[in-house]
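Undergrad: The working numbering numbers the first residue of the sequence shown as 56 and each following residue consecutively.
The beta carbon of each residue, even a glycine, is placed where N, CA and C say it ideally should be.
Structure incoming, see below.
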Amino acid sequence: MAVMAQPMGCPGHCVYCPSFHDSPRSYTPESPAVLRGHRYEYDPRRQVRERLNMFEAMGHPTDKVELIVMGGTFLATPPEYQYQFIQGCYEGLNGSRAGGLSEARDGNRWAAHRCVGLCVETRPDFCGDAEVARLLEFGCTRVELGVQTLADDTYNLVGRGHTVEDVATATRLLKDRGFKVYYHWMPGLPGTTPERDMELFGHLFSDSRFRPDGLKLYPTLVVQGSELALWWRQGHYTPYETETLMELLCYMKSSLPPYVRVSRIMRDIPTQFILAGCKQSNLGEMVTRRLGPGGCRCIRCREYGHRLRDGWGISTPHLHRMDYEASDGQEVFLTMEDDSQTLWGLLRLRWPFEGPDAAVVRELHVYGPEVGLGRRGMRAAQHQGLGETLMRQAERVALEEFRVSRLAVLSGVGAQEYYVNLGYRPQGPYMCRNLTPIFTPPARLRAGTNPLPRR
Ligand code: SF4
Ligand SMILES: [Zn+2]
Numbered sequence: 056m057a058v059m060a061q062p063m064g065c066p067g068h069c070v071y072c073p074s075f076h077d078s079p080r081s082y083t084p085e086s087p088a089v090l091r092g093h094r095y096e097y098d099p100r101r102q103v104r105e106r107l108n109m110f111e112a113m114g115h116p117t118d119k120v121e122l123i124v125m126g127g128t129f130l131a132t133p134p135e136y137q138y139q140f141i142q143g144c145y146e147g148l149n150g151s152r153a154g155g156l157s158e159a160r161d162g163n164r165w166a167a168h169r170c171v172g173l174c175v176e177t178r179p180d181f182c183g184d185a186e187v188a189r190l191l192e193f194g195c196t197r198v199e200l201g202v203q204t205l206a207d208d209t210y211n212l213v214g215r216g217h218t219v220e221d222v223a224t225a226t227r228l229l230k231d232r233g234f235k236v237y238y239h240w241m242p243g244l245p246g247t248t249p250e251r252d253m254e255l256f257g258h259l260f261s262d263s264r265f266r267p268d269g270l271k272l273y274p275t276l277v278v279q280g281s282e283l284a285l286w287w288r289q290g291h292y293t294p295y296e297t298e299t300l301m302e303l304l305c306y307m308k309s310s311l312p313p314y315v316r317v318s319r320i321m322r323d324i325p326t327q328f329i330l331a332g333c334k335q336s337n338l339g340e341m342v343t344r345r346l347g348p349g350g351c352r353c354i355r356c357r358e359y360g361h362r363l364r365d366g367w368g369i370s371t372p373h374l375h376r377m378d379y380e381a382s383d384g385q386e387v388f389l390t391m392e393d394d395s396q397t398l399w400g401l402l403r404l405r406w407p408f409e410g411p412d413a414a415v416v417r418e419l420h421v422y423g424p425e426v427g428l429g430r431r432g433m434r435a436a437q438h439q440g441l442g443e444t445l446m447r448q449a450e451r452v453a454l455e456e457f458r459v460s461r462l463a464v465l466s467g468v469g470a471q472e473y474y475v476n477l478g479y480r481p482q483g484p485y486m487c488r489n490l491t492p493i494f495t496p497p498a499r500l501r502a503g504t505n506p507l508p509r510r
């Protein structure tokens, strides 16, 4: 569920970014999310309520909600505004007002519409210690960094105003605190070529300072209201042809490691605002079709719900494990997948966390029937104990291999109760469990009072 923040500008001056006085930076006036934001005067409560009503009318379950805060660089707006806005998002879900952010956030633990994930978009240079501490207070679980490329000369040329080093630093800081990190990536920026784009894309995964958990691929477009429009008119910039872009995206998708999720290709820009560049809003589908079944190993293409919808035969899932290094930490990517790599669930474990004596679970996701809900033959992957199997395996790895005594989980506030049932207790923004002794039945926890304080 996207919630649009009030237009407040952005400290950045990226040449490709459209700027209209009544729209949030990087959005055009007629984008659906902007229209909605505008209609509700950018009030987060009203936006959330309206979306909930709409999802319900469409027959989608609304008990678990993932929120994404959109519009410019939210973390660069005045902090008081940020607190009020996030409070408003929770109030919208809770259906009641609160005295402050913490009351609204904690009240969401038992709300009918629970926030199981909160995502904020930001720039790598607006993602330091202070911002990350604030994100934890907000109950944020995922951060989308505007990275776009990994070349300082291109950053200079397009006026990004930050460096490749800033990307590495922000990525490490976020992962070290347990966040999931997605990058926005723009092929075809000024000064680049398809060959260079391929090479830089390779760096994303060959260089352990980056290795994002997910990507949104946004091919560079010449959008009305941007400086790039002027460059294009003056003949200083030409976007890639659709065919070049297709080939490039096919290459990118087919070279992805299995721990990445490509959640989007193409920005949601109304075609009348696109002056030059690919206008095919279904470019993602075109790429998937060209690659054929199994052509992309990313998480999204392998998700149980998507594959079931696409008619794949699904067999019994088994536990898989992949280890890799990222941002000076050890990542263990645990999955439940069947013989054709269809994903039923995944977990990201990272060590060290706040020192060598702890590890953190950055993500636990079991894929449910939300895709194509109501179709015949749809079996729910959720609630079959896969989440618990993954968590227990993470505990085993953390205890026996990393020799830690504590495992923390960064989850949306609305998912915290799930971890209570697995023996976890709230510690600041995390749910934590002491790992010694391990595997004792959590009977004492079931019998005791609920450690999450109720209002
Ligand atoms: S940082 Fe993002 S919102 Fe800000 S100018 Fe650049 S592209 Fe636009
Ligand atoms: Zn994919």
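(1) For ligand 2, which residues count as neighbours when the test is a C-beta closer than 6 Å to any heavy atom?
(2) Who are the near neighbours of F457 in its chain, counting only those whose CB is closer than 7 Å to its CB and skipping five residues on each side?
(3) Determine the closest residue to T248 out of E220, T209, G214, with distance taken between C-alpha atoms.
(4) Tell me the start and end of each unbroken alpha helix (DSSP H) in the region 337 to 412 that is at least 4 residues and wholly inside, in chain order.
(5) Just mark S74 as buried or exposed, buried being the case when its beta carbon has 16 or more other beta carbons within 10 Å.
(6) For T132, tell me which candidate among M63, H68, T444, R461 has the shortest Cα-Cα distance.
(7) Measure the C-alpha to C-alpha separation of S309 and E96 and round it to an integer number of angstroms.
(8) Please identify the residue among R232, W399, A206 whose C-alpha is closest to the C-alpha of G243.
(9) For V219, I'd like the list of residues in its chain whose CB is within less than 6 Å of its CB, leaving aside the five on either flank, ordered along the chain.
(10) Am I right that G127 and A60 are in contact with their C-beta atoms under 8 Å? What's the rounded C-beta distance?
(11) Give the range of the alpha helix (DSSP H) segment to which E472 is assigned.
(12) How about H274 and Y295: are their beta carbons less than 8 Å apart?
(13) On the DSSP letters alone, give me the boundaries of the alpha helix (DSSP H) that H93 sits inside.
(14) Kindly confirm or deny that the region 216 to 236 and the region 145 to 154 touch, where touching means at least three C-beta pairs closer than 8 Å.
(15) In the DSSP output, what is A57 paired with across the bridge?
(16) Could you tell me whether the region 477 to 488 touches the region 132 to 145, using the rule of 3 or more Cβ pairs below 8 Å?
(17) If K334 sits next to T326, beta carbons under 8 Å apart, how far is it from one beta carbon to the other, in whole angstroms?
(18) What span of residues does the beta strand (DSSP E) with R319 cover, start to end?
(19) For R160, name the three-state secondary structure that DSSP assigns.
(20) When the Cα atoms are used, what is the spatial distance from L454 to Q396?
(21) Quick one: is the Cβ of T275 within less than 7 Å of any heavy atom of ligand 1?
(22) Can you give me the C-alpha to C-alpha distance between D118 and V70, rounded to a whole angstrom?
(23) Out of G162, D252, N163, A159, state which residue places its alpha-carbon closest to the alpha-carbon of Q203.
(24) Out of F140, L122, E392, point me to the one whose CA is closest to S46's CA.
(25) Taking the alpha carbon of L272 as the point to measure from, which residue in W240, C356, H217 has its own alpha carbon closest?
(26) Checking the sheet assignment: what are the DSSP bridge partners for T177?
(27) Around the C-beta of P411, are 16 or more other C-beta atoms found within 10 angstroms, so that it is buried, or is it exposed?
(28) Counting only the same chain and skipping the five closest in sequence on each side, list residues whose C-beta sits under 8 Å from that of G429.
(29) Taking just the CA atoms, how far does R266 sit from E298?
(30) Taking three-plus beta-carbon pairs below 8 Å as touching, is the region 375 to 393 in contact with the region 161 to 179?
(31) Please classify A188: is it buried, with 16 or more other beta-carbons within 10 angstroms of its beta-carbon, or exposed?
(32) Is the beta carbon of G233 less than 8 Å from the beta carbon of F408?
(33) Do D262 and Y237 have their C-beta atoms closer together than 8 Å?
(34) For the beta strand (DSSP E) containing Y485, list its first residue and its last residue.
(35) Under the rule that 16 or more other beta-carbon atoms within 10 Å means buried, what is T196, buried or exposed?
(36) Return yes when the C-beta of S86 is under 7 Å from any heavy atom of ligand 4, and no when it is not.
TA: Inspection of the coordinates gives the following:
(1) Any residue whose Cβ sits closer than 6 Å to a heavy atom of ligand 2 makes the list: K308, V317, C351, C353, R355, C356.
(2) Excluding five sequence positions before and after F457, the CB atoms of its chain that fall closer than 7 Å to its own CB belong to W406, A414, given in chain order.
(3) It is T209 whose Cα lies nearest to the Cα of T248.
(4) Those alpha helix (DSSP H) runs which fall completely within the region 337 to 412 and span 4+ residues are 338 to 346, 354 to 357, 359 to 364.
(5) A buried status is given to S74, since no fewer than 16 other beta-carbon atoms sit within 10 Å of its beta-carbon.
(6) The shortest Cα separation from T132 among M63, H68, T444, R461 belongs to M63.
(7) The alpha-carbon atoms of S309 and E96 are separated by roughly 42 Å.
(8) Taking only the C-alpha atoms, the option nearest G243 is A206.
(9) Short of 6 Å from the beta carbon of V219, and not among the five residues preceding or following it, lie these beta carbons of its own chain, in chain order: L205, D207.
(10) Yes, they are in contact, since the Cβ atoms of G127 and A60 sit about 7 Å apart, within 8 Å.
(11) Judged by DSSP secondary structure, E472 falls within the alpha helix (DSSP H) whose first and last residues are 471 to 475.
(12) Correcting the residue type first, residue 274 is Pro in the shown sequence and not His. Taking C-beta atoms as the reference points, P274 and Y295 count as a pair closer than 8 Å.
(13) Following the DSSP letters along the chain, one finds H93 inside the alpha helix (DSSP H) bounded by residues 87 to 94.
(14) No, the region 216 to 236 does not touch the region 145 to 154.
(15) In the DSSP assignment, A57 is bridged to I123.
(16) No contact exists between the region 477 to 488 and the region 132 to 145.
(17) Separation of the CB atoms of K334 and T326 is rounded to 5 Å, and the pair is thereby assigned contact status at 8 Å.
(18) Its beta strand (DSSP E) spans residues 316 to 320.
(19) DSSP, reduced to helix, strand and coil, places R160 within a helical segment of the structure shown.
(20) Distance between the alpha carbons of L454 and Q396 is about 27 Å.
(21) Distances taken from the Cβ of T275 to the heavy atoms of ligand 1 include none shorter than 7 Å.
(22) Computed Cα separation, rounded: 40 Å.
(23) Among G162, D252, N163, A159, the Cα nearest to that of Q203 is on D252.
(24) Because the chain in this structure spans residues 56 to 510, residue 46 falls outside the shown range and cannot be described.
(25) Out of W240, C356, H217, W240 has the C-alpha closest to the C-alpha of L272.
(26) The partner list for T177 (beta bridge, DSSP) reads L200.
(27) Exposed.
(28) Reliability fails at G429, whose pLDDT of 35 lies under 50, so the model's placement of it is uncertain and no value is given.
(29) Rounded to whole angstroms, E298 to R266 spans 27 Å at the Cα level.
(30) No: the two stretches stay apart, fewer than three of their Cβ pairs being nearer than 8 Å.
(31) With fewer than 16 Cβ atoms within 10 Å of its Cβ, A188 is classed as exposed.
(32) In this structure, F408 lies closer than 8 Å to G233 by Cβ.
(33) For D262 and Y237, no; Cβs fall outside 8 Å.
(34) From DSSP, the beta strand (DSSP E) with Y485 extends over 485 to 489.
(35) With 16 or more other Cβ atoms within 10 Å, it is buried.
(36) Of the ligands one can find in the structure shown, namely ligand 1 and ligand 2, none is ligand 4.
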